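K.L.:
First the structure, then my questions, so here it is.
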């Protein structure tokens, strides 16, 4: 080990040329802050950061993650999201909206982000079947839709299936006794989304009828993740049928499922949200 | 078949190739196995194009930071490390103060080590999240180069702010 020259702090000063970091590395770091933090804080730091934050490439993925206490916020998340979408200049491909999104915002997205591949809606109770339908008519390239809590039902799902022929991944999750998916919703999925490769239904009121429709309608599933509140009976001949079919389409079976019941979703809420 | 163990012995017998990395900030030297050092794309390119001498000088990176980088590379060059082990080890490496992290991200960028760049920048982002921009400026040693007019223009853009809030 050679002796060090100069004091450590001096050495540190020499190497900490933060603004000399290549733009793309700074952009990667700032992007990790999420859209709200970028708009509220990062872009105010200096003009270099601001110019990075104005680059449409920064807004291909927009994460509007927030704690959900809308009444305690000093800003309007919907307006902020619109601003972020404007900055993407049509390059937006992936957006995460939590708590605040409305039909109006979905419409705004659909008119400006025709290339959108992934839409995540968490706790967006103001979005209606009609709103989702109108928006997805203009989002033909959508491949991934994640709905966690909300008011989307059969009609909305059916229309998504019809409007988005490339939809490969769907999560339709809820929790507790008011779970979203009943057989109606599950049948809509089975009938209109034949090319799904990934389906997650955590917290649902599906019965055997629904599960059979999914297994028959969606032949590419691998895996189907399914946590039910226990209306499924997988014993006897029907259980064998599901097991045999599951080998074909790769449904993940837990030991409990094989014994006769679908395992209820036992994870925590955070796991469901993320 | 009887000679198999001997073969194995022979295969592992050749001396492991090592490289010496030298911090040009404080002249500290580190001898590392070549396969560990090659986690760095910058070093790999040097070795591939025969530009690497016995000692590879690493400018702008202190010995302290270089030691962290090498620790990261060692962990990730170990084929028997599970994903979980690596996650824990990564978390240990980036459990540092913000200034060390900034040096580390600059080093990861210079040496072109994608994974290290990723975990370090995530950690920095996590630690400056929720800080007012004035504090961020101070931490990064960035000067406020906005003119008052420009600052006003940025504020004017913020039509998402509710009235009555600062």
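Residue numbers (UniProt numbering), protein chains in the order written: chain A, 1 to 274; chain B, 1 to 166.
We put the beta carbon where it would ideally sit given N, CA and C, even for glycine.
Quick caveat: nothing in here was measured; it's all calculated off a predicted structure.
So what's residue 2 of chain B in DSSP terms, helix, strand or just coil?
P.N.:
Within the second chain, numbered from 1, the residue matching residue 2 of chain B stands at position 2. Confidence at residue 2 of chain B is low in this model, with a pLDDT of 43, below 50, so the placement of that residue is unreliable and no value is reported for it.
K.L.:
Do residue 25 of chain A and residue 45 of chain B have their C-beta atoms closer together than 8 Å?
P.N.:
Within the first chain, the letter at position 25 stands for residue 25 of chain A. Within the second chain, the letter at position 45 stands for residue 45 of chain B. Taking 8 Å as the Cβ cut-off, residue 25 of chain A and residue 45 of chain B do not qualify as a contacting pair.
K.L.:
With a 10 Å radius around its C-beta and 16 neighbouring C-beta atoms as the bar for buried, classify residue 62 of chain A as buried or exposed.
P.N.:
Mapped onto the first chain, residue 62 of chain A falls at position 62. By the 10 Å Cβ count, residue 62 of chain A comes out buried.
K.L.:
Under 8 Å between C-beta atoms, does residue 72 of chain B make it to chain A?
P.N.:
Within the second chain, the letter at position 72 stands for residue 72 of chain B. No, residue 72 of chain B lies away from the interface with chain A (no Cβ there is under 8 Å from its Cβ).
K.L.:
Drop a sphere of 10 angstroms on the beta-carbon of residue 114 of chain A, count the other beta-carbons inside from all chains shown, and report buried for 16 or more, exposed for fewer.
P.N.:
The residue given as residue 114 of chain A occupies position 114 in the first chain. Counting Cβ neighbours within 10 Å, residue 114 of chain A comes out exposed, since fewer than 16 surround it.
K.L.:
With 8 Å set as the bound, which would you pick, yes or no: does the beta-carbon of residue 132 of chain B sit closer than that to a beta-carbon of chain A?
P.N.:
Indexing the second chain from 1 puts residue 132 of chain B at position 132. By this cut-off, residue 132 of chain B is an interface position.
K.L.:
In the segment 73-115 of chain A, which residue ranges form an unbroken alpha helix (DSSP H) of at least 4 residues, counting only runs that do not cross its ends?
P.N.:
For the segment 73-115 of chain A, whole alpha helix (DSSP H) runs of length 4 or above, ordered along the chain, are 77-87 and 103-112.
K.L.:
Could you give the DSSP three-state label for residue 161 of chain B: helix, strand or coil?
P.N.:
The residue you call residue 161 of chain B lines up with position 161 of the second chain. Note: residue 161 of chain B maps to strand in three-state DSSP.
K.L.:
Among the candidates A:21, A:213 and A:121, whose CA atom is the shortest distance from the CA of residue 66 of chain A?
P.N.:
Locating residue 66 of chain A in the first chain gives position 66, counting from the first residue. Checked all of A:21, A:213 and A:121; the closest Cα to residue 66 of chain A is A:121.
K.L.:
Could you check what DSSP says for residue 46 of chain B in three-state terms: helix, strand or coil?
P.N.:
For the purposes of this step, residue 46 of chain B is taken as the residue at position 46 of the second chain. Three-state result, residue 46 of chain B: helix.
K.L.:
Could you tell me whether any Cβ in chain A is nearer than 8 Å to the Cβ of residue 159 of chain B?
P.N.:
What you label residue 159 of chain B is simply residue 159 of the second chain in a count that begins at 1. It does: the Cβ of residue 159 of chain B has a partner Cβ on chain A nearer than 8 Å.
K.L.:
Return helix, strand or coil for residue 92 of chain B, following the three-state DSSP convention.
P.N.:
Along the second chain, one-based indexing puts residue 92 of chain B at 92. DSSP places residue 92 of chain B in helix when its eight states are reduced to three.
K.L.:
Is the shortest distance between the beta-carbon of residue 47 of chain A and the beta-carbons of chain B less than 8 Å?
P.N.:
As a working note, residue 47 of chain A is residue 47 in the first chain. It does; some Cβ of chain B falls within 8 Å.
K.L.:
Does the distance from the CB of residue 79 of chain A to the CB of residue 160 of chain B come in under 8 Å?
P.N.:
Reading the first chain from its first residue, position 79 is the one you call residue 79 of chain A. Reading the second chain from its first residue, position 160 is the one you call residue 160 of chain B. Going by C-beta atoms, residue 79 of chain A is nearer than 8 Å to residue 160 of chain B.
K.L.:
Give the C-beta separation of residue 31 of chain B and residue 20 of chain B to the nearest angstrom, bearing in mind that I take them to be a contact with Cβ-Cβ under 8 Å.
P.N.:
As a position in the second chain, residue 31 of chain B is number 31, starting the count at 1. As a position in the second chain, residue 20 of chain B is number 20, starting the count at 1. Between residue 20 of chain B and residue 31 of chain B the Cβ distance is about 5 Å, and since that is below 8 Å, they are a contact.
K.L.:
Quick one: does residue 21 of chain A have its CB under 8 Å from some CB of chain B?
P.N.:
The residue you call residue 21 of chain A lines up with position 21 of the first chain. Answer yes: the Cβ-Cβ gap between residue 21 of chain A and chain B drops below 8 Å somewhere.
K.L.:
For residue 23 of chain A, collect the residues of the same chain with a Cβ closer than 7 Å to its Cβ; drop the 5 residues on either side in sequence, then sort them by chain order.
P.N.:
Against the first chain, residue 23 of chain A aligns to sequence position 23. Once the five neighbours on either side are set aside, the close Cβ partners of residue 23 of chain A are 52.
K.L.:
Kindly list the residues whose CB is nearer than 6 Å to the CB of residue 138 of chain B, restricted to its own chain and excluding five residues on each side of it in sequence; keep chain order.
P.N.:
On the second chain, position 138 is the one that residue 138 of chain B refers to. Cβ neighbours of residue 138 of chain B beyond the five flanking positions: none.
K.L.:
Quick one: list the residues of chain B neighbouring residue 160 of chain A, beta-carbon separation under 7 Å, in chain order.
P.N.:
Counted from its first residue, the first chain places residue 160 of chain A at position 160. Residues of chain B passing the Cβ test: none, with the nearest at roughly 29 Å.
K.L.:
Could you check what DSSP says for residue 308 of chain A in three-state terms: helix, strand or coil?
P.N.:
Given that chain A is displayed from residue 1 to residue 274, the structure contains no residue 308 of chain A and the question cannot be resolved.
K.L.:
Check this for me: beta carbons of residue 166 of chain A and residue 142 of chain A, under 8 Å apart or not?
P.N.:
Residue numbering aside, residue 166 of chain A sits at position 166 when the first chain is read from its first letter. Residue numbering aside, residue 142 of chain A sits at position 142 when the first chain is read from its first letter. Yes, these two residues count as a Cβ contact at 8 Å.
K.L.:
Closer than 7 Å by C-beta to residue 146 of chain B: which residues in its own chain qualify, once you throw out the five before and the five after it? Chain order, please.
P.N.:
Position 146 of the second chain, counting from 1, holds the residue named residue 146 of chain B. Excluding sequence neighbours, residue 146 of chain B sits near nothing in its chain.
K.L.:
Inspect the CB distances between the segment 80-94 of chain B and the segment 51-66 of chain B and report whether three or more fall short of 8 Å.
P.N.:
Because the criterion of three Cβ pairs below 8 Å is not met, the segment 80-94 of chain B and the segment 51-66 of chain B do not touch.
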